[in-house]
Amino acid sequence: MAKPISNKRPDNFWKTLRNLLHYMGNHRFLLLLVAILVAISALANLLGTYMLKPIVNEYIVPRDVQGLFFAVLVTAGIYGAGVLASFGYTQIMVVVAQRIIKEIREDLFHRMMTLPLRYFDTNPNGDTMSRFTNDVDTISDALNNSFAMLVQSFIQIAGTLTLIFLLNWQLSIIVLLCYILMFAYIQFSGKRSRYYFGHQQKYLGSLNGFIEEMIRGQKVVKVFNHEGENMEEFRRRNKRLQKAATSAMSYSSTMVPMVVSLSYINYAIVAVLGGIMAINGWTDVGSLASYLVFVRQTAMPINQFTQQANLILVALSGAERIFTMMEETPEVDEGKVTLTNVARHKDGSLYECRHNSGEWAWRHPRRDGSVELVPLAGDVRFDHVRFGYERSRVILDDISLYAKPGQKIAFVGATGAGKTTITNLINRFYDVDAGSITYDGIDVRLIAKDDLRRSLSIVLQDTHLFTGTIADNIRYGKLDASMEEVVRAAKLANADSFIRRLPKGYETMVSGDGANLSQGQRQLLAIARAAIADPPVLILDEATSSIDTRTERLIEKGMDSLMEGRTVFVIAHRLSTVRNADAIMVLEHGHIIERGSHEELIAQRGQYYQLYTGMFELS
Numbered sequence: 001m002a003k004p005i006s007n008k009r010p011d012n013f014w015k016t017l018r019n020l021l022h023y024m025g026n027h028r029f030l031l032l033l034v035a036i037l038v039a040i041s042a043l044a045n046l047l048g049t050y051m052l053k054p055i056v057n058e059y060i061v062p063r064d065v066q067g068l069f070f071a072v073l074v075t076a077g078i079y080g081a082g083v084l085a086s087f088g089y090t091q092i093m094v095v096v097a098q099r100i101i102k103e104i105r106e107d108l109f110h111r112m113m114t115l116p117l118r119y120f121d122t123n124p125n126g127d128t129m130s131r132f133t134n135d136v137d138t139i140s141d142a143l144n145n146s147f148a149m150l151v152q153s154f155i156q157i158a159g160t161l162t163l164i165f166l167l168n169w170q171l172s173i174i175v176l177l178c179y180i181l182m183f184a185y186i187q188f189s190g191k192r193s194r195y196y197f198g199h200q201q202k203y204l205g206s207l208n209g210f211i212e213e214m215i216r217g218q219k220v221v222k223v224f225n226h227e228g229e230n231m232e233e234f235r236r237r238n239k240r241l242q243k244a245a246t247s248a249m250s251y252s253s254t255m256v257p258m259v260v261s262l263s264y265i266n267y268a269i270v271a272v273l274g275g276i277m278a279i280n281g282w283t284d285v286g287s288l289a290s291y292l293v294f295v296r297q298t299a300m301p302i303n304q305f306t307q308q309a310n311l312i313l314v315a316l317s318g319a320e321r322i323f324t325m326m327e328e329t330p331e332v333d334e335g336k337v338t339l340t341n342v343a344r345h346k347d348g349s350l351y352e353c354r355h356n357s358g359e360w361a362w363r364h365p366r367r368d369g370s371v372e373l374v375p376l377a378g379d380v381r382f383d384h385v386r387f388g389y390e391r392s393r394v395i396l397d398d399i400s401l402y403a404k405p406g407q408k409i410a411f412v413g414a415t416g417a418g419k420t421t422i423t424n425l426i427n428r429f430y431d432v433d434a435g436s437i438t439y440d441g442i443d444v445r446l447i448a449k450d451d452l453r454r455s456l457s458i459v460l461q462d463t464h465l466f467t468g469t470i471a472d473n474i475r476y477g478k479l480d481a482s483m484e485e486v487v488r489a490a491k492l493a494n495a496d497s498f499i500r501r502l503p504k505g506y507e508t509m510v511s512g513d514g515a516n517l518s519q520g521q522r523q524l525l526a527i528a529r530a531a532i533a534d535p536p537v538l539i540l541d542e543a544t545s546s547i548d549t550r551t552e553r554l555i556e557k558g559m560d561s562l563m564e565g566r567t568v569f570v571i572a573h574r575l576s577t578v579r580n581a582d583a584i585m586v587l588e589h590g591h592i593i594e595r596g597s598h599e600e601l602i603a604q605r606g607q608y609y610q611l612y613t614g615m616f617e618l619s
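When we follow full-length UniProt numbering, the leftmost residue of the sequence shown carries the number 1, and every step to the right adds one.
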């Protein structure tokens, strides 16, 4: 059965093709060898069929058995060379294709790792994943099969037309007309099929989305007894998809049979007329025999050429999506200030050292060529900061605050007030629109992003764990950490007790983003991961939001130990977790409306007081 004709086409065909040819050019010599072998395979098939003419005319009709035996051996040798060439180019193409795919995957992944967070905010994760899966797979299929088959089919079509005209130009006019009819029907059928296939894809996406919603919302469906209504909606969408798919397949499925039928009709007409010409002596029997075999084979290369051309266009469409992502602007980093290990002279002055001294400093190049070493202390200050994820929508407006080394600063406020945005700006996930943020007196825009983020550690509300052991996930905060350091960090976060109760303790495998662990256990591992990094600045983005009250009390002591001597920014939904903060900032619509210690804010009897006493709830 014929495959449906996809409606996917690259928007910029030639640009995409050039980009793909760039990767193919890295293996030009192997691809040249493939091209030669493909040509040999196609020409061997053509020449083998043409050999029927001398075999019939020079050996069968004259009854030259010895000559016939020799001619058959020659023909067998030609086909044998074609078989070897076919085997050779398929095996070489597999190797080349996988090398090209490997290079594309690596370049794509490298570019993804350099993209700013803004890209992932505006592009769905599923769309990004499809580039690594569906789009790469289509390119792989095209490289493995379609490119070589397309070239081979083209040679066979061109060669067949050339040889049949040499054998009998009168009959070839009929064959040429049949060729034109075949291509005309292919164009018509392909155009109609693509139209309906587009609707099929649209309705398929709608149906799949509905199914996904129902799977995720089964509890809600059952609570409100909506099974019957959902079944009716499913039938409606499924019926719509059925009609579109039927229309699409009604055209695409007739393409091959129609082409084959036209070739049969063409063969019958040519065979009758050729027989008449042979009887009347207008052509020889050998030429007619060879001619009829060529005509009989005309449908196959046309079908192959059409299908492979379509598959290549689909592959180029996938390649275009990949190359578009590769052309995305990477995260800009113009920072020159770096983090370095330092030690102290006897007089207390700092100097750079290569070994891990346990003391760090900012290496700040000056305009006069000198280098200043600024001790890493964790002093963070916001000065009239203004920021919005979109220029038209301001999230933070005129924010000024400071956190001295070792201070604990808490942010409270309703959802959307800008609490998490503040921490995103400290990390330079985004850059401020106005104002400045300084770290130890240095504008964070002057600090290299890798070094800046190395001096920070963050515990996110949505914990993400990677496939690997418990120890590996904790060690993610410090890849060269010893097992002793891992255990120490786990104990600091009060995660050691539950880890040791697991079947394999610290060697227990984590899979599916920690699906085999509770939310609270995953959060404890995230805290341990932050602890092992041992940063001077710690950010806790509602780190205890997923932990029950009992677990929260268990880790409170450990968290206090973790925060001791560090500059800490805490985003809290539970106000009980920020009572001991040095300063509490109450945010509303991107503004700091209240600030002070817990006692000071309670005394003010403002919004914080209302939140704390339950008169007003966070939303």
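Ideal placement from N, C-alpha and C gives every residue a C-beta, glycine not left out. Remember, predicted model here, so these are calculated numbers, not experimental data.
Comparing C-alpha distances from Met113 to each of Arg500, Leu525 and Asp450 shows the shortest one belongs to Asp450. The shortest C-alpha to C-alpha distance from Val74 to any of Val96, Ile36 and Tyr50 is the one to Tyr50. Fully enclosed alpha helix (DSSP H) runs of no fewer than 4 residues occupy 419 to 426 of the stretch 353 to 433, in order along the chain. Under the three-state reduction of DSSP output, His226 falls in the coil class, being neither helix nor strand. Annotation for Asn45: no beta strand (DSSP E) segment contains it, though the alpha helix (DSSP H) segment containing it runs Arg28 to Tyr50. Collapsing the DSSP output to three states places Asp64 in coil. In the three-state scheme derived from DSSP, where H, G and I count as helix and E and B as strand, Ala583 is classed as strand. Taking C-alpha positions only, Phe429 is separated from Asp121 by approximately 11 Å. CA-to-CA, the gap between Met585 and Asn494 works out to about 28 Å. Boundaries of the alpha helix (DSSP H) around Gly286: Val285 to Arg296.
If you draw a straight line from the Cα of Ile395 to the Cα of Phe387, it comes to about 6 Å.
Straight through space, the alpha carbons of Arg529 and Asp397 are spaced by roughly 33 Å. Per the coordinates, the alpha-carbon of Trp282 lies some 14 Å from the alpha-carbon of Leu166. Less than 9 Å divides the Cβ of Ile322 from the Cβ of Leu108. Taking the Cα of Tyr179 as reference, the smallest distance to any Cα among Ile276, Leu262 and Asn208 is reached at Leu262. As a beta-bridge residue in DSSP terms, Leu538 pairs with Ser457 and Val568.
DSSP places His589 outside both helix and strand once states are collapsed to three, so it counts as coil.
If you ignore the 5 residues before and after Ser153, its C-beta comes within less than 6 Å of the C-beta of Pro301, Gln304 and Phe305, all in its own chain and listed in chain order. In this chain, the alpha helix (DSSP H) harbouring Thr128 covers Asn125 to Ser130. Taking 8 Å as the upper bound for CB-CB distance, Asp440 and Ala533 are not in contact here, some 18 Å apart.
Tyr89 sits in a helix when the DSSP states are folded into three classes. For Ser436, the beta-bridge partners assigned by DSSP are Asp383. In its chain, beyond the 5 residues on either side, Tyr609 have a beta carbon closer than 6 Å to the beta carbon of Ile602. With fewer than 16 other CB atoms across the displayed protein chains lying within 10 angstroms of its CB, Gly468 is exposed.
For secondary structure counted as the beta strand (DSSP E) over 3 or more consecutive residues, the stretch 456 to 486 holds these complete runs in sequence order: 456 to 459.
If you check the CB distance, Thr420 and Ile571 come in under 9 Å. For Leu163, the uninterrupted alpha helix (DSSP H) run begins and ends at Phe147 to Leu167, by DSSP. By the neighbour-count definition (other C-beta atoms within 10 Å, threshold 16), Asp347 is an exposed residue. When the beta-carbon positions are compared, Thr324 and Leu373 stay at least 9 Å from each other. Considering only Val61, Tyr79, Gly82 and Ile55, the residue with the shortest C-alpha distance to Phe70 is Ile55. Here Thr508 carries a coil assignment [DSSP, helix/strand/coil].
Counted as a single uninterrupted DSSP element, the stretch harbouring Ala495 is not any alpha helix (DSSP H), since DSSP gives it neither H nor E.
Following the DSSP letters along the chain, one finds Ala526 inside the alpha helix (DSSP H) bounded by residues Gln519 to Ala533. With a cutoff of 9 Å on beta-carbon distance, Ile139 and Ala315 are scored as near each other. When DSSP states are grouped into helix, strand and coil, Ala515 belongs to the coil group.
Here DSSP, grouped into helix, strand and coil, assigns Gly596 to strand.
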